[in-house]
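Numbering (our numbering), first residue to last: 175 to 1075.
Pasting the structure below:
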């Protein structure tokens, strides 16, 4: 163990270097008695607020620990004998407070969840004060949280990830988003290492022992979770400039990986420009460094040092597939979009993290769509987000967009994909359709300008919305943000001779069969309907309040059909009677937009979940969607197949089901082929994976399966022999009936490569095998010491989400849950528990509750995940039981199909 004396001396020197020159403080005061520690329950008191930080760190990637000091200027508004902030898993070797011309030695104490208290020998009066702390901490090498290290080719590199509550693991701070102030950072590192942080380097000083001290410019105001730095033997790739102010753009990559940034470097300037154009504001920082972090986890909107994962950013030349290109543009756009929604304007507390995530998720559609209009990104993302959110809202246990954050556990659970991201963005879609694109854009520009470099809350956003669009719109918006669940709207068409037709609406909470949720819930809903006869129709809108309402339709004719979600942007389920649905489906295809078709299919799915529509009857419409020209309509129609459980069918029924699916999608998939042809544009490439997956995996088309096996053998012999667009899916298809030799070859490839993207592809493929012996062998890799559990998780995910291997995976998870959970972050544990939600029978629900209940109670962020998983199991079981006979009846007389070419 190293002596603390050099650390204390170094801390004293570093502390003085940050402090302004001033009259020497009075002698240190001491006191024989200390006040009793009174840690805050969760949030820090407002009576002591930071106004500026000076942070000094010594960071050597190979060392298990790090050291540092921090000076924090604070404003004290109430007399205090103790000051509370945060510092977790660290030793405080010195603690002093300067106030009122005196320097007080403080006693550092800790409480759970990273709370750090400074007990004072005498009262500090209101006014300015300065906290000085020297500390040592541990470098994380297992969970990628706080300050963490990862090895690449035997060389360790240091990275940071702090959101929401892990800055306290790297340095003492007021670790809440509302404490948003300037920071000055200084890092001592090896002279040959790269050390970078949020803002530019202002000096680099050579020190003894092969070290260098790097000082960075003072930052713009930012909360602790956005502080970022990297240290290690990185390569720096100069990529020109980005933005209206020509900020230098660089990619920070592990040694030797620079060539793989070519695509990212070529498109990032345009991503920045499109975001600037939306806000009509220049990029807000002096530089844009892209820190290419080891895994997708760690991707983060750090100011001036955005973190983007290797799987996103590092693409081998010649392997820039459509999926890889779209993924990079989407996620880079999302993280850089946070520079406005999150960095320039920050939520005051974690209950309003939706202001960061919902707004930025919605912004993605506005700024990625014009990047390449052939991708159809805006429509696809909008529909997928709404579908995901509505599915999440089927659960009685689901949380609202604005979630309570009154406990540490609730803070950790605030980042829920289904509601915080998807639902909030879908609600914004609905209100943009109500207000108009330009009005919504101007409202959001005003929100940013009004709160620039400050913090904000839901109340502030509602006030902005009220001022721009009126209090009724603001109230309607809050009715969706503040309560869980989704509305279900039904309407009765009333026609009287000589009088305008009317719709009589009813609304309630959408509740699927088997749910315990109450239907007794209402919203204030912007509702638009389309009523028509033939191809002619008119759109009419109203703000629906209360459980019932009426809407007069234009014209005096009684329409032959009524679509209850015109434009498809309303965040609600439309409840159709079988007769109403038949009339809408009979309307000419051109009478509805693509998005309206997609929303109608979603409403049909909702009808199946509720038991309003027999699944067998709904399946009769799937062949029509399979013949559609638009790929999203094909995909949405195919999602109805997810209600069929082949494992519950007889062998004969299962064979007929496979044959029916292959007949729908096989001809078109075979015509496209596995590999792109010369001249295929991105629109054609986008069709291929969906059709091939349906035909080869769900339909088990023998021609396509044989071709996949051939391609995989060729790829294993020479990766350049097969187009990279075909490889990921072909590997999974080949693995379905793969043998031991193929399995061993893949494992050998995983052992031989250091490329995490390549390993991820291999582990995903291993999770597709079906042979029970190989399944067990693959699962052993998840708990073994050879590979990182963060990388092998796709194996377990693949097995537990497929009926044929689910029982083996569930048994494995029960046997090894404790060992796996002990190596994971709280969000990973919640995800592990979430996998259990793919089980689909009441016996499994009872087993999961008995096994996981006592464990979840002791784990951060786990109780809510378990509650939702158990409900998902029970709803799936209820749906499968309810629809079983209908599916069997359908398969007895499955209609003939033909697939358009």
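We put the CB at the ideal spot given by N, CA and C, even for glycine. Source: prediction; values computed, not measured.
Beta-carbon proximity list for residue 252, same chain, < 6 Å, skipping 5 on both sides: Looking up residue 252 in the chain shown gives position 78. Excluding sequence neighbours, residue 252 sits near 221.
Spatial distance of residue 873 from residue 836 (CA atoms): Against the chain shown, residue 873 aligns to sequence position 699. Against the chain shown, residue 836 aligns to sequence position 662. Inter-residue distance for residue 873 and residue 836 is about 4 Å (C-alpha atoms, whole angstroms).
Residue 267 versus residue 246: straight-line alpha-carbon distance, rounded: On the chain shown, position 93 is the one that residue 267 refers to. On the chain shown, position 72 is the one that residue 246 refers to. In a straight line, the C-alpha of residue 267 is about 16 Å away from that of residue 246.
Cβ-based neighbour list, residue 576, same chain, cut-off 8 Å, excluding 5 preceding and 5 following: Counting from 1 along the chain shown, the entry for residue 576 is found at position 402. Excluding positions up to five away in sequence, the list reads 525, 526, 528, 632, 655 and 656.
For residue 281, three-class secondary structure by DSSP: Residue mapping note: residue 281 aligns to position 107 of the chain shown, counting from 1. DSSP, reduced to helix, strand and coil, places residue 281 within a strand of the structure shown.
Rounded straight-line distance, which links the Cα of residue 354 to that of residue 249: Residue 249 sits at position 75 when you count from the first residue of the chain shown. Residue 354 sits at position 180 when you count from the first residue of the chain shown. Per the coordinates, the alpha-carbon of residue 249 lies some 13 Å from the alpha-carbon of residue 354.
Selected residue, minimal CA-CA separation from residue 734, among 779, 307, 741 and 709: What you label residue 734 is simply residue 560 of the chain shown in a count that begins at 1. Restricting attention to 779, 307, 741 and 709, the CA atom closest to the CA of residue 734 is found in 709.
Buried versus exposed, by CB contacts within 10 Å (16 or more), residue 1032: Stepping through the chain shown from its first residue, residue 1032 is reached at position 858. Exposed, because fewer than 16 other Cβ atoms sit within 10 Å of the Cβ of residue 1032.
Selected residue, minimal CA-CA separation from residue 602, among 648, 929 and 433: Residue numbering aside, residue 602 sits at position 428 when the chain shown is read from its first letter. Comparing Cα positions, the closest option is 648.
Cβ pair residue 605, residue 491 closer than 8 Å: The residue you call residue 605 lines up with position 431 of the chain shown. The residue you call residue 491 lines up with position 317 of the chain shown. Contact flag unset, no.
For residue 520 and residue 630, the rounded distance between their alpha carbons: The count along the chain shown starts at 1 and reaches residue 630 at position 456. The count along the chain shown starts at 1 and reaches residue 520 at position 346. One C-alpha to the other measures close to 6 Å.
Continuous alpha helix (DSSP H) stretch holding residue 511: start and end: On the chain shown, residue 511 is found 337 positions in, with the first residue counted as 1. Here the alpha helix (DSSP H) through residue 511 covers 496 to 511.
Top-ranked residue by Cα proximity to residue 698, from 777, 775, 608 and 956: On the chain shown, position 524 is the one that residue 698 refers to. Among 777, 775, 608 and 956, the Cα nearest to that of residue 698 belongs to 608.
Span separating the alpha-carbon of residue 585 from that of residue 212: Residue mapping note: residue 585 aligns to position 411 of the chain shown, counting from 1. Residue mapping note: residue 212 aligns to position 38 of the chain shown, counting from 1. Rounded to whole angstroms, residue 585 to residue 212 spans 21 Å at the Cα level.
Which of helix, strand or coil DSSP assigns to residue 649: Looking up residue 649 in the chain shown gives position 475. Three-state DSSP puts residue 649 in a helix.
Minimum length 3: unbroken beta strand (DSSP E) runs contained in the region 391 to 452: The qualifying runs are 403 to 406, 409 to 416 and 421 to 427.
Cα-Cα separation, residue 642 to residue 624: Within the chain shown, numbered from 1, the residue matching residue 642 stands at position 468. Within the chain shown, numbered from 1, the residue matching residue 624 stands at position 450. Approximately 13 Å between the Cα atoms of the pair.
For residue 965, the first and last residue of its enclosing alpha helix (DSSP H): Position 791 of the chain shown, counting from 1, holds the residue named residue 965. Start and end: 963 to 974.
Segment limits, beta strand (DSSP E) that includes residue 597: Counted from its first residue, the chain shown places residue 597 at position 423. Note, residue 597: premise wrong, no beta strand (DSSP E); not H, not E.
Identified DSSP bridge partners for residue 515: Residue 515 sits at position 341 when you count from the first residue of the chain shown. In the DSSP output, where bridge partners are listed per residue, residue 515 has 519.
Inter-stretch contact at 8 Å, needing at least 3 Cβ pairs: the region 900 to 915 / the region 857 to 874: Short answer: they touch.
Residue 484 in three-state terms, based on DSSP: Taking the chain shown and counting its residues from 1, one reaches residue 484 at position 310. Residue 484 sits in a helix when the DSSP states are folded into three classes.
Among 381, 401, 441 and 467, nearest to residue 477 - alpha-carbon criterion: On the chain shown, residue 477 is found 303 positions in, with the first residue counted as 1. Nearest Cα to residue 477 within the set 381, 401, 441 and 467: 401.
C-alpha distance - residue 767 paired with residue 780, whole-angstrom precision: Mapped onto the chain shown, residue 767 falls at position 593. Mapped onto the chain shown, residue 780 falls at position 606. Approximately 20 Å, taken between the alpha carbons.
Given residue 831 as reference, the closest of 841, 293, 818 and 843 once Cα atoms are compared: As a position in the chain shown, residue 831 is number 657, starting the count at 1. Cα-wise, what sits closest to residue 831 is 818.
Exposure label - residue 261; buried when at least 16 CB within 10 Å: For this step, residue 261 is matched to residue 87 along the chain shown. Burial is judged here by how many other beta carbons sit within 10 angstroms of a residue's own beta carbon; residue 261 has at least 16 and is buried.
Candidates 1012, 1003 and 1049, of which the one nearest residue 587 by Cα: Indexing the chain shown from 1 puts residue 587 at position 413. That would be 1003, whose Cα lies nearest to the Cα of residue 587.
Residue 1083, DSSP secondary structure in three states: Look at the range of the chain in this structure, 175 to 1075, and you will see that residue 1083 is not part of it.
DSSP state of residue 309 mapped onto helix, strand, coil: Numbered from 1 along the chain shown, position 135 holds the residue referred to as residue 309. Residue state, collapsed to three classes: strand.
Cβ-heavy atom distance, residue 264 to the ligand MG, below 7 Å: The ligand MG is absent from the structure shown, which contains no ligand whatsoever.
Residue 669 in three-state terms, based on DSSP: Sequence index remark: in the chain shown, residue 669 carries index 495 (1-based). Three-state DSSP puts residue 669 in coil, outside helix and strand.
C-alpha distance - residue 170 paired with residue 686, whole-angstrom precision: Because the chain is modelled from 175 through 1075, residue 170 falls outside the range shown and cannot be assessed.
Option in 926, 778 and 922 with minimal Cα separation from residue 739: Here residue 739 refers to the residue found at position 565 when the chain shown is read from its first residue. Distances from the CA of residue 739 to each of 926, 778 and 922 were compared; the closest alpha carbon is that of 778.
Environment of residue 671 [buried if 16+ CB atoms lie within 10 Å]: Residue mapping note: residue 671 aligns to position 497 of the chain shown, counting from 1. Under this definition residue 671 is an exposed residue.
Given 8 Å, three or more beta-carbon pairs between the region 295 to 307 and the region 967 to 987: By the Cβ rule, the region 295 to 307 does not count as touching the region 967 to 987, because fewer than three pairs are nearer than 8 Å.
Continuous alpha helix (DSSP H) stretch holding residue 886: start and end: Residue mapping note: residue 886 aligns to position 712 of the chain shown, counting from 1. Residue range 876 to 891 is occupied by the alpha helix (DSSP H) that includes residue 886.
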